[in-house]
Structure formats: C-alpha cells, structure tokens
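Colleague: Numbering (this note's numbering), first residue to last: 4 to 583.
No residue lacks a Cβ here, since even glycine has one placed at the ideal position from N, Cα and C.
No experiment lies behind these values; they were computed from the predicted model shown.
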C-alpha cells in the first residue's frame, strides 16, 4: 500500500512523505500508548517537554524552532517531535492525532516542518448585540479554536457583563458573570489562547446611554442625526469627551479587567458617530473632529495603561486621516478593520508600518445582517487582510464576527470563514483551500461525514447573494427584504428583477436537499431555518404576503434554535426585528 498525503487542518507549510509505514500494534504496545496519551493542553505538553525520556516515540525541546513551531518525524522505528515551546508541542500533537485518526493501524512515514506566519491569530465574537452564547457553547468554541491554532480570543462587550452596581444596564441581557469569565479564561490558557478583555469605552454606548441614569454622560443626550444616513436617533451612542466620562469608564474597567489573566485590553473607540454634534461641538469646530477624538482616546488609554495593560483600539477614526496616524496614543496597538472585499488594507497597513507601529488587522466573517452568509466576500476580504498583514509586518489578525441589528444569522454560517481565516493566518501559502469539512466537524463536534455535508450546504447557502446583481454593503438583500419596514421595502427591491427573485428562490430550494443530508439535528435545523427566512424575504420582495400562521411558525422555530446555543436575554428584541 502506498502512503497518501493526509488531509490536515491547517495544512502544514512543509510535508514530505518518506515511504513506508510505522505499525501501530494494539495496546499495550508503546506506540499505541504514545498515541493514546498525546497532550491535549499546554500544561500536558510542557510536562512532556521537561521529561528527558528517550524512547522510540518522544517529544523534545529544540531552540531552533520559534513560538508555536515544530518538527514532526514519523519513521519506521518511531515518532520524534521537536518544538521550541509547549504551544509547538501541542500543535504537533494535534497534527499527529489527525494523521492517526485517518491511519489507525499504520502511520505513513513522513516529515512535517510547521509554524505560524503571524504571531497573533485572533478571533472576536460579538456578545453584545442581543445574543450571548451559553457558557457551554463558549467552552466548546474555545476547544475548537485551540485546534484551529487561534491564540487570541476577544468577546466584544458593551453591556453584557454583570458590572457591579449597574444592574439597570444589563439586567435583561443574560450577561456574563465574573465567575464565568474566569472559567473561560482558564479554558483558554489550557489550549494556548489569550482571552483579551474587550470593552467599548467611547462610541457604541447605546445600551448604557438609553437609561436616564447615564444620559448626562452622552455627547447628545436628546438624540442625534446619523452623519451617513441622515436619520434621527433617539438614543445617544457616544460618551462626551470629558472627565465624567473618563471616571465612568475607569469604574467599568476596574470591575472588568481583574477577571482576566491577560495584560492586554481592547477599549474599542470605533464609530463615535455624533462627536461634534453636542457637547464637543465648539471643540470640534475649533480643532477638528479627529483631533478632539484623539485627545480623549489618549486619556482613556492612559487610564487603561495605568495598571500595566497594553491597549488595543479600533483604528477607523485614526485612519480616516492618515496624517494623524503618527499622533496615535503611544504604546498601543491599533486594530485596522474593514469588512468588504477590496478594502484598502494595503495602504493602511503600509502607513502603520512606515510609522513603526505594532498593529493588528481585522477582517470579518461577513455573516451579520444575513440568514445565509456572504461567503465569497468573506473569503476575499480575509485573504486580502492576511496578505497585507504579512506584507507590512502586522503583529497578526483579529477575525471578527458581529451581530448588528438582531444577530439573526445561524451560528454555522461563520464556520467556513473562521476555518479559512484561521488556517491562512497560520500558513497563508499552504491554506488557500483549507479542508472545510474537517473544520466543520471540529467546530460543530460532528462526524467526518457530517462535517463534509455541513460544509457542502454552507458553501451553497453562502453564495446565495451572487444570484442577484444588486448588493448592499455589509448585509444580504434577502435579510433586507424580510426585515425592512413596509415603507422602506421598495428601496431594497428597486433594481431587482422578478427573474432574479425567482432564480434566488430556486437556488434556495436546491439547498434543501443539501441541508437534509446533515445528520446533526441542531445544525440541520439552524441552516434550514436560515434558508426559510431568506425565502420569506424573497416572497416579501415579490409582493407576496407572509401569513400570520407562517410568521408564528418561523418565530417559534427561531426561538427554539436560539435557546439551544444562546441565553434568553436579547431574544425578544431580536425577534422583533425579523419582520419589518
């Protein structure tokens, strides 16, 4: 029998078959026992590295390998793993385990030399826009991320932490508690992930400022006009840049940060839309919006840095005026974000490299404001971001998945972008076409066959948007069709032909058979419901009414699916946004 190159996730940068096989006899044979006791945690890997045993199958330290890197050799006489640290040993063990699962009785003789392209391979999950996952789901996610070689996790928080003395802000949100954060932190450390606290501290403060108790902290307490849409917004979203706001934020950080072992913090700072419309109007007129923004951001950074934290912040305002990039807060890590294919990552990253800044690049999964995902946009967006990160020596990436306007997307729609982004951040050249089926099996705790079936269905559903030529930024038209208010629906259907709507309906009908092949009930029903909601949007776009009975059925299925993975807080608000 001739050895075959095993399909691995992520694919290693160098793999060479040597010919022949290493037999794996039944227990208690030493090779079988070695494979049965491979380390599953950083701690276990560290123990093996400090063990000086020199058997036929062994781990060893070798300083020529950098952080996370390793060399794995399977020969006819045994297995030898060398790495520079415990993370490398754990990753090597994960690779070896994949090989063994595919070759249970005889391992192909081969050599693998592997290691990461980027130091930071991060993932950020929005847990503030209605949906807070159950603790069990977050723990499953951490385990899967460790095997995807993700080494930094952030949970985007605005108000969904049980801040002491601020119950009015989070009491209906099913927030994360200090005990839960500490449990997540320890789970992350066990698999080589840094759980970095993420707390918005300037813009996106709607969940606080809608309450009378906090309204005086707002830039525009009586409401504001969105500069992009011209819409009046009743609830303020930006803190005014003054000492009272700084004191408020300092109190939140003091309550939040001690629950993490990380010495980093992402303070947000993105999209302070109404800055200059209220409290800071005169200052902005005198010094400019970007200067006023930077002055206040620096003060937040000083507070967060005062107890030894390295600060990350979203770099959008900074990069609106590249001339001001040199005046960004010192000692901080800007995060360059953009979620569209064609985003100017190359220019932005090049500027930060010129300035000698340490920075991260944040593409997205393109799943929010969609029922089926926007797969092609996600894959291009991520590849462009990672390519720019490598070219311009970014510290790493932070792959983001958001929950704007209801967090309506089924969780599995993020899986293919997560698989591609994680694998390419590990080794870009080797993972242009990662093994989606293996990744879905990992993220969903599925069988290999079910992982392949899920990946097939997700690839089909994720390309629904391409059937209609019209496109809206950062969302799917089928989502717009269902969620738009009656008086706004025409804006989204304008330019969309009846033929395109019919073709989209046929495309979704073809997805039914693919989804039906998924054995896992939760995943199958999540994807089926996403397709049904998109179909309902298309019917609405075609001028067909959605009956009360159908609406009630879809809502019931949505609620059942939500509660399988997520906490009840935010569910009623999410449902309220489904049908315009």
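Evaluate residue 57 with the Cβ neighbour count: other Cβ atoms within 10 Å of its Cβ, from every protein chain shown; 16 or more gives buried, anything less gives exposed.
Modeller: exposed
Colleague: Roughly how many whole angstroms lie between the Cα atoms of residue 229 and residue 280?
Modeller: 10 Å
Colleague: Taking 7 Å as the threshold (C-beta atoms), are residue 454 and residue 443 in contact?
Modeller: Yes, Cβ-Cβ distance for residue 443 and residue 454 is below 7 Å.
Colleague: Please check if any C-beta of chain D sits within less than 7 Å of the C-beta of residue 114.
Modeller: The structure shown contains no chain D, having only a single protein chain.
Colleague: Would you mind sorting residue 180 into buried or exposed? The rule is 16 or more other CB atoms within 10 Å of its CB.
Modeller: exposed
Colleague: Just checking, does the segment 302–319 make contact with the segment 240–256 on the three C-beta pairs under 8 Å criterion?
Modeller: yes
Colleague: Quick check on the burial criterion: 16 or more other C-beta atoms within 10 angstroms. Buried or exposed for residue 182?
Modeller: exposed
Colleague: Please say whether residue 439 and residue 460 have beta carbons closer to each other than 7 Å?
Modeller: Cβ atoms of residue 460 and residue 439: not closer than 7 Å.
Colleague: When the Cα atoms are used, what is the spatial distance from residue 541 to residue 485?
Modeller: 8 Å
Colleague: Any idea if residue 123 is buried or exposed, counting beta-carbon neighbours within 10 angstroms, 16 or more meaning buried?
Modeller: buried
Colleague: For residue 249, which residues of its own chain have a beta-carbon under 6 Å away from its beta-carbon, when the five flanking residues on both sides are left out?
Modeller: The residues are 302.
Colleague: Indicate whether residue 577 and residue 203 have their beta-carbon atoms separated by less than 7 Å.
Modeller: no
Colleague: Would residue 1 be called buried (16 or more neighbouring beta carbons within 10 Å of its own) or exposed?
Modeller: Missing from the structure shown is residue 1; the chain here goes from 4 to 583 and no further.
Colleague: Assuming the contact rule is C-beta atoms closer than 8 Å, residue 12 and residue 437 should be a hit. Round their C-beta distance to whole Å, please.
Modeller: Yes, they are in contact, since the Cβ atoms of residue 12 and residue 437 sit about 6 Å apart, within 8 Å.
Colleague: Do you know how far the Cα of residue 488 is from the Cα of residue 345?
Modeller: 31 Å
Colleague: On the CB-based measure, 16 or more other CB atoms within 10 Å of its CB, does residue 415 come out buried or exposed?
Modeller: Taking every protein chain shown into account, the CB of residue 415 has 16 or more other CB atoms within 10 angstroms, so this residue is buried.
Colleague: State the Cα-Cα distance for the pair residue 376 and residue 274, rounded to the nearest angstrom.
Modeller: 24 Å
Colleague: Put residue 449 into one of helix, strand or coil per three-state DSSP.
Modeller: In the three-state reduction of the DSSP assignment, residue 449 falls in the coil class.
Colleague: Does the segment 475–484 come close enough to the segment 365–383 that 3 or more CB-CB pairs lie under 8 Å?
Modeller: yes
Colleague: Among 322, 252, 36, 402, which residue has its Cα nearest to the Cα of residue 154?
Modeller: Considering only 322, 252, 36, 402, the residue with the shortest C-alpha distance to residue 154 is 402.
Colleague: Can you give the beta carbon distance from residue 73 to residue 89, rounded, assuming they're within the 8 Å contact cut?
Modeller: That belief does not hold up - the Cβ atoms of residue 73 and residue 89 are roughly 11 Å apart, past 8 Å.
Colleague: Can you tell me the Cα-Cα spacing of residue 293 and residue 206, whole angstroms?
Modeller: 14 Å
Colleague: In or out: residue 103 buried (at least 16 other Cβ within 10 Å) or exposed?
Modeller: buried
Colleague: Taking residue 326 as the reference, which of 317, 355, 342 has the closest Cα?
Modeller: 355
Colleague: Apply the 10 Å Cβ neighbour rule to residue 32 and answer buried if 16 or more other Cβ atoms are within range, or exposed otherwise.
Modeller: exposed
Colleague: May I have the straight-line CA-CA distance separating residue 37 from residue 54, to the nearest angstrom?
Modeller: 14 Å
Colleague: Could you give the uninterrupted runs of the alpha helix (DSSP H) lying entirely in the segment 286–329, keeping only those of 4 residues or more?
Modeller: 292–308, 319–323
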